[in-house]
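Report on one structure; see the data block that follows.
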Amino acid sequence: MPAVPNLPPLPADTPEGEAALKLLLTRYSVSAKHLREPGPSDEAIWAMAMAALRAPDHEKRIPFRFVVARGEGLERLAALFVDYGRRHGKTAEDLEREREKAMQAPVVIAVIARINPEDEVVPVHEQWTTVGGAIANAVNALHFMGFGAKMVAGARAADPQIVAAHCRAGETLVGWIAAGTMDGPPKARGEIDPGAILAPF
Ligand SMILES: Cc1cc2nc3c(=O)[nH]c(=O)nc-3n(C[C@H](O)[C@H](O)[C@H](O)COP(=O)(O)O)c2cc1C
699 MPAVPNLPPL PADTPEGEAA LKLLLTRYSV SAKHLREPGP SDEAIWAMAM
749 AALRAPDHEK RIPFRFVVAR GEGLERLAAL FVDYGRRHGK TAEDLERERE
799 KAMQAPVVIA VIARINPEDE VVPVHEQWTT VGGAIANAVN ALHFMGFGAK
849 MVAGARAADP QIVAAHCRAG ETLVGWIAAG TMDGPPKARG EIDPGAILAP
899 F
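Going by the numbering used here, the first residue of the sequence shown is number 699, and it counts up by one from there.
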């Protein structure tokens with residue numbers, strides 16, 4: 699576990715609570731180029747999904763789902779990225795990088811949002827908030843199980859052909875969580891002062 703700079707005493711009332719808080723405060727994103735086999739097992743992905751389903755979710759709409767790529771699934775993702783590169787006039791060298799981008803992490807989990815703009819009870823911003831909470835819980839759960847992970851999106855997630863390969867009608871491809879075993883300890887980043895986001899009312 700990387701050191702947490704200036705970690706104050708944690709007001710947890712049990713050792714388990716304190717350990718959980720410490721784990722939460724030591725989650726850092728780890729980019730795909732630093733992720734190796736073994737990736738999270740099917741059981742670990744199941745636990746990740748259970749954690750995502752614990753996100754605050756008004757009326758339990760579950761406005762998200764995951765599509766998990768490993769092995770041949772990563773080959774299919776790589777073919778989509780290479781095709782994306784070809785359509786954008788990339789060089790042969792760039793196309794190899796497109797392939798690497800998809801194949802670096804042993805497991806890549808597409809995050810797909812299912813937002814219902816017609817929902818009369820749960821407005822769109824609340825549904826999106828749940829999607830964000832699900833992503834946060836998912837990467838935290840992976841971290842708790844000892845894996846590195848990073849959520850990425852970018853232009854590929856908005857490409858109509860890549861979207862069509864992942865989504866059903868009305869869905870949005872949010873991006874992908876790359877997950878695997880870290881090739882070294884994650885780098886702790888400069889922490890942001892919680893005082894900057896806390897105010898009394
Ligand atoms: C929906 C979403 C999409 C993201 N897309 C990218 C991306 O394409 N590239 C990137 O470097 N970071 C992206 N990020 C941010 C990283 O996942 C990560 O949070 C950021 O690098 C900060 O690192 P930290 O999680 O260790 O604080 C995205 C985050 C979210 C929630």
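Glycine included, C-beta positions come from ideal geometry on N, C-alpha and C.
Look at the alpha carbon of residue i and the alpha carbon of residue j, and state the distance between them as a whole number of angstroms.
i	j	result
T870	P761	10 Å
F842	A834	12 Å
L790	L705	The sequence shown places Ala at residue 790, not Leu. About 48 Å.
T828	G882	31 Å
F764	I810	6 Å
A803	T712	36 Å
E757	P821	11 Å
H786	P898	50 Å
Please classify residue i as buried or exposed, where buried requires at least 16 other C-beta atoms within 10 Å of its C-beta.
i	result
F845	buried
Q859	exposed
M746	buried
A894	exposed
K799	buried
Below 8 Å on the Cβ atoms is my guess for residue i versus residue j; work out the distance and round it to an integer in Å.
i	j	result
A877	L840	5 Å
P738	V805	6 Å
V780	R768	With a Cβ gap of about 18 Å, V780 and R768 do not count as contacting.
For residue i and chain B, any beta-carbon pair shorter than 7 Å?
i	result
N835	In the structure shown, chain B does not exist; there is a single protein chain.
Start-end ranges of the alpha helix (DSSP H) lying completely within the region 806–893, minimum 4 residues = If we require 4 residues or more, the alpha helix (DSSP H) runs fully inside the region 806–893 come out as 822–842, 858–864.
key: Whole runs of the beta strand (DSSP E) within the region 701–782, excluding any shorter than 3 residues   = Listed in chain order, the beta strand (DSSP E) runs fully inside the region 701–782 are 762–767, counting runs of at least 3 residues.
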